[in-house]
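Student: The sequence shown begins at 49 in the numbering used here and counts up by one.
No residue lacks a Cβ here, since even glycine has one placed at the ideal position from N, Cα and C.
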Amino acid sequence: MRDTMLTDMNIVKKILYYLNPFNRLGKKQYTIVFPFLLTLLSAFILEFYVIEIVKNPQLVRVPAVIIFLGLIIYFSFHDGLRGGMTATCVTILYYIYLLATRYSTTEKFVVDIETVVALGLLYIILTAVVGGLKQRTDVLIEREANEKKWLQTILQQMPIGVIVTDKNGKVTHTNKQLEQIMGNRIPVGSILGKHKALMPETYNIHVPHPPLAQVLKAGKSIIKQEYLIQRKDGKKRYIQLSASPIFGKNNQIVAASATIIDITQQKELEKRKDDFVNIASHELKTPITSMKLYLGSLENSLKTYKDTKAKKTLRNISHQTDRLQELVSDLLDVSRLQTGKLKFLKENFRLDTLIENTIESLQGTTKHQKIIFSKKQAITIYADKFRIEQVITNLITNAVKYSPPNTDILITLQKEKTKAIVDIKDLGIGIIKEQQKRIFDRLYQVSEPKEKTFPGLGIGLFICKQIIKRHKGTIWVESEKGKGSTFSFSLPLSVKN
Ligand code: ADP
Numbered sequence: 049m050r051d052t053m054l055t056d057m058n059i060v061k062k063i064l065y066y067l068n069p070f071n072r073l074g075k076k077q078y079t080i081v082f083p084f085l086l087t088l089l090s091a092f093i094l095e096f097y098v099i100e101i102v103k104n105p106q107l108v109r110v111p112a113v114i115i116f117l118g119l120i121i122y123f124s125f126h127d128g129l130r131g132g133m134t135a136t137c138v139t140i141l142y143y144i145y146l147l148a149t150r151y152s153t154t155e156k157f158v159v160d161i162e163t164v165v166a167l168g169l170l171y172i173i174l175t176a177v178v179g180g181l182k183q184r185t186d187v188l189i190e191r192e193a194n195e196k197k198w199l200q201t202i203l204q205q206m207p208i209g210v211i212v213t214d215k216n217g218k219v220t221h222t223n224k225q226l227e228q229i230m231g232n233r234i235p236v237g238s239i240l241g242k243h244k245a246l247m248p249e250t251y252n253i254h255v256p257h258p259p260l261a262q263v264l265k266a267g268k269s270i271i272k273q274e275y276l277i278q279r280k281d282g283k284k285r286y287i288q289l290s291a292s293p294i295f296g297k298n299n300q301i302v303a304a305s306a307t308i309i310d311i312t313q314q315k316e317l318e319k320r321k322d323d324f325v326n327i328a329s330h331e332l333k334t335p336i337t338s339m340k341l342y343l344g345s346l347e348n349s350l351k352t353y354k355d356t357k358a359k360k361t362l363r364n365i366s367h368q369t370d371r372l373q374e375l376v377s378d379l380l381d382v383s384r385l386q387t388g389k390l391k392f393l394k395e396n397f398r399l400d401t402l403i404e405n406t407i408e409s410l411q412g413t414t415k416h417q418k419i420i421f422s423k424k425q426a427i428t429i430y431a432d433k434f435r436i437e438q439v440i441t442n443l444i445t446n447a448v449k450y451s452p453p454n455t456d457i458l459i460t461l462q463k464e465k466t467k468a469i470v471d472i473k474d475l476g477i478g479i480i481k482e483q484q485k486r487i488f489d490r491l492y493q494v495s496e497p498k499e500k501t502f503p504g505l506g507i508g509l510f511i512c513k514q515i516i517k518r519h520k521g522t523i524w525v526e527s528e529k530g531k532g533s534t535f536s537f538s539l540p541l542s543v544k545n
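What follows is the structure, given as structure tokens:
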């Protein structure tokens, strides 16, 4: 008994579901049988009603218009153009039947024909509009559903974690890779449709405002930011996160997306590489220092010796040993900078005097280029003198190295509000725009196949940038290929100025 009732309920539910035209949106199901049968049935019922129950066949007019108008609209929406047209055709045939069976006078017959033609035209237009709109809506809904499916498939195939939110931070898309990277911290199923992308505990990142919250609030992108996260299984992972707002037509934020990459392995490799450089440069330092000492005593013993060729060879060995010492010392600096172990001993000193002294000692190393210090003024800064000298030496040495003989190197020092600005200008080979930003990266050297290659490790400018950055200054370059470069840096002035 209960079972029969349940089945009856199910059948009623199914019928109601079938009758509701909104349930068919996007499904592209267009039938003609249902509209044909139901319109025909309505005509029979109406006929039966006016003839057998009301017993006045003339009363059919108004209900015939209202009922069939409703049916045509309903079927156009339920079954598209096909369904609407079927209902319209049956209705017009029924109207013709009414014309033939219910006219009284010839004049009335003519008026009725006009009415039927007008109504027929109206129904056809109505069907075209409603049915056309219904079919267009179906196409759009289907397209949107397909796009969602494509997007979902692409997201799942991507090797990186993705999280997309709406403008309020509710997660709309994500993928399995995100769960793999973050561990159980972000189970995909549990964050979809929720506002968890805005909570720091979702990521276990020790920041008050998680990246997606920042992006939605400020409307600015976050590019390749690195975080150390702790997964729920206790494992620590390094992740690299980029996030950006998505703008709608009116330039308003409509959503935000973030991509997450697991860079733990890369970080471990980098650390091993840094450790190796650190150990190797420490190990190399000791024998080089001994070599320098032995070379010094050998030079002393050869002072009275007449063999000039031997003396020249010894000088060359000594020069190359100096170069080796510089390289090892640069490598050590890089390693200390990476591990944060480079300490600065700050003092107040005159920057103009330091530049003058550095030029004096460097001018001796190049006969073909003149290093000119113009526009000098007395400026005191509070910084590590040795490290700032290292920066100036590096920039001047590069200017000499990357310029042809008989060109001048021009150095200027100026005061600008609270900053001292040093420019080192050469007329050398220059650097193309795309490479200007990257030359301050570690181990970056401009490689041009057609040009002669210059010796170097590509760490000098990296060290300069780190030193200047740690002094709260900035370093930059302006350059044009083939015309020369101007390397500049700024440092905060000392209060003693
Ligand atoms: P390197 O030891 O190779 O000189 P740097 O870090 O000092 O390393 O410089 C990085 C790269 O920047 C160089 O390989 C060179 O291509 C370019 N560069 C640096 N200074 C200049 C300059 N004054 N003119 C042209 N190119 C330069």
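With a threshold of 16 other CB atoms inside 10 Å of the CB of His330, please say whether the residue is buried or exposed.
Tutor: By the 10 Å Cβ count, His330 comes out exposed.
Student: Return the CA-CA distance between Leu387 and Lys354, expressed in angstroms with no decimal places.
Tutor: In the sequence as displayed, the identity of residue 387 is Thr instead of Leu. Taking the straight line from one Cα to the other gives about 50 Å.
Student: What I want to know is whether the C-beta of Asn298 ends up closer than 6 Å to one or more non-hydrogen atoms of the ligand ADP.
Tutor: Answer for Asn298: no, Cβ out of range of the ligand ADP.
Student: Does DSSP classify Val178 as helix, strand or coil?
Tutor: Note: Val178 maps to helix in three-state DSSP.
Student: What do you reckon, are the CB atoms on Leu471 and Ser451 nearer than 7 Å?
Tutor: A quick correction: the sequence has Asp, not Leu, at residue 471. No. Outside cutoff.
Student: Would you decide whether Thr139 is buried or exposed? Buried here means 16 or more other CB atoms lie within 10 Å of its CB.
Tutor: Counting Cβ neighbours within 10 Å, Thr139 comes out buried, since at least 16 surround it.
Student: Let me check one thing: in DSSP terms, what residues is Asn11 bridge-paired to?
Tutor: In the structure as shown, the chain starts at 49 and stops at 545, and residue 11 therefore has no counterpart that could be examined.
Student: Can we count Gln506 as close to the ligand ADP, meaning its CB is less than 6 Å from some heavy atom?
Tutor: It is worth fixing the name first, because residue 506 is Gly in this sequence and not Gln. Yes, the Cβ of Gly506 comes within 6 Å of a heavy atom of the ligand ADP.
Student: Let me check one thing: in DSSP terms, what residues is Val470 bridge-paired to?
Tutor: Bridge partners of Val470: Leu461, Phe537.
Student: Taking 6 Å as the cut-off, does the CB of Gly573 come closer than this to any heavy atom belonging to the ligand ADP?
Tutor: Residue 573 cannot be examined here, being either before or after the span of the chain that is shown, 49 to 545.
Student: Only counting runs of 3 or more residues, tell me where the beta strand (DSSP E) segments fall wholly within the region 372-446, in order along the chain.
Tutor: You should have 395-398, 419-422, 428-431.
Student: If you measure between the beta carbons of Lys513 and Phe488, is that distance less than 7 Å?
Tutor: Yes, Cβ-Cβ distance for Lys513 and Phe488 is below 7 Å.
Student: Near Ile80, what residues of its chain come up, given a Cβ to Cβ distance below 6 Å and the 5 sequence neighbours on each side ignored?
Tutor: Contacts found: Arg130, Thr134.
Student: Would you be able to state if there are at least three C-beta pairs under 8 Å between the region 282-300 and the region 337-356?
Tutor: Because the criterion of three Cβ pairs below 8 Å is not met, the region 337-356 and the region 282-300 do not touch.
Student: Just the C-alpha distance for Gly190 and Arg72, rounded to the nearest angstrom, thanks.
Tutor: The amino acid at residue 190 is misidentified as Gly; the sequence shows Glu. Between Glu190 and Arg72, the C-alpha separation is close to 12 Å.
Student: How about Ser329: is its Cβ closer than 6 Å to a heavy atom in the ligand ADP?
Tutor: No; taking the cut-off as 6 Å, the Cβ of Ser329 has no heavy atom of the ligand ADP nearer than that.
Student: Could you tell me whether any non-hydrogen atom of the ligand ADP is closer than 6 Å to the CB of Gln373?
Tutor: Outside the cutoff, so no.
Student: DSSP has Pro293 in a bridge; who is on the other side?
Tutor: BP columns for Pro293 point to Ala304.
Student: If you pair each beta-carbon of the region 52-68 with each one of the region 164-173, do three or more pairs fall below 8 Å?
Tutor: No, they do not touch.
Student: Assuming Phe537 contacts Thr522 under a Cβ cut-off of 8 Å, what Cβ separation, rounded to an integer in Å, is found between them?
Tutor: 7 Å between Cβ atoms; contact.
Student: Are the CB atoms of Gly508 and Asn405 within a distance shorter than 7 Å?
Tutor: Contact: no.
Student: For Val494, is the beta carbon positioned less than 6 Å from some heavy atom of the ligand ADP?
Tutor: Yes, the ligand ADP has a heavy atom inside 6 Å of this Cβ.
Student: Sorted by chain position, which residues of the same chain lie with C-beta nearer than 6 Å to Ile161's C-beta, five sequence neighbours on each side aside?
Tutor: Contacts found: none.
Student: Starting from Gln278, trace the beta strand (DSSP E) in both directions and tell me its first and last residue.
Tutor: Counting along the chain, the beta strand (DSSP E) containing Gln278 begins and ends at 270-278.
Student: Give a single yes or no on whether Ile294 has its beta carbon closer than 6 Å to a heavy atom of the ligand ADP.
Tutor: Ile294 Cβ: outside cutoff for every heavy atom of the ligand ADP.
Student: Do Gly231 and Leu264 have their CB atoms nearer than 7 Å?
Tutor: No, Cβ-Cβ distance for Gly231 and Leu264 is not below 7 Å.
Student: Counting along the chain, where does the alpha helix (DSSP H) carrying Gly209 start and finish?
Tutor: Not the alpha helix (DSSP H): Gly209 falls in the beta strand (DSSP E), residues 209-214.
Student: With C-beta atoms as the reference, is Val439 less than 7 Å away from Ile515?
Tutor: In contact: Val439 and Ile515 (Cβ atoms closer than 7 Å).
Student: Can we count Leu390 as close to the ligand ADP, meaning its CB is less than 6 Å from some heavy atom?
Tutor: Not so, every heavy atom of the ligand ADP lies at least 6 Å from the Cβ.
Student: So is Phe96 buried or exposed if we call it buried at 16+ other beta carbons inside 10 Å?
Tutor: Phe96 should be labelled exposed.
Student: Nearest to Val382 by alpha carbon, out of Ser305, Ser124, Asp322?
Tutor: With distances taken between Cα atoms, Val382 lies closest to Asp322.
Student: Given that a residue counts as buried once 16 or more other Cβ atoms are within 10 Å of its Cβ, and exposed if not, what is Ser152?
Tutor: Label assigned to Ser152: exposed.
Student: Distance check for Phe157 and Leu88, CA to CA, integer angstroms please.
Tutor: Distance between the alpha carbons of Leu88 and Phe157: 24 Å.
Student: By the DSSP assignment, the beta strand (DSSP E) with Val219 in it spans what residues?
Tutor: Taken as a continuous stretch (DSSP letters only), the beta strand (DSSP E) holding Val219 covers 219-222.
Student: Skipping 5 residues on each side, what residues in its chain have a beta carbon closer than 7 Å to that of Ile469?
Tutor: The answer, listed in chain order, is Gln462, Ser536, Ser538.
Student: What does Gln288 pair with, by DSSP beta-bridge criteria?
Tutor: Answer by DSSP bridge pairing, in chain order: Glu274, Ile309.
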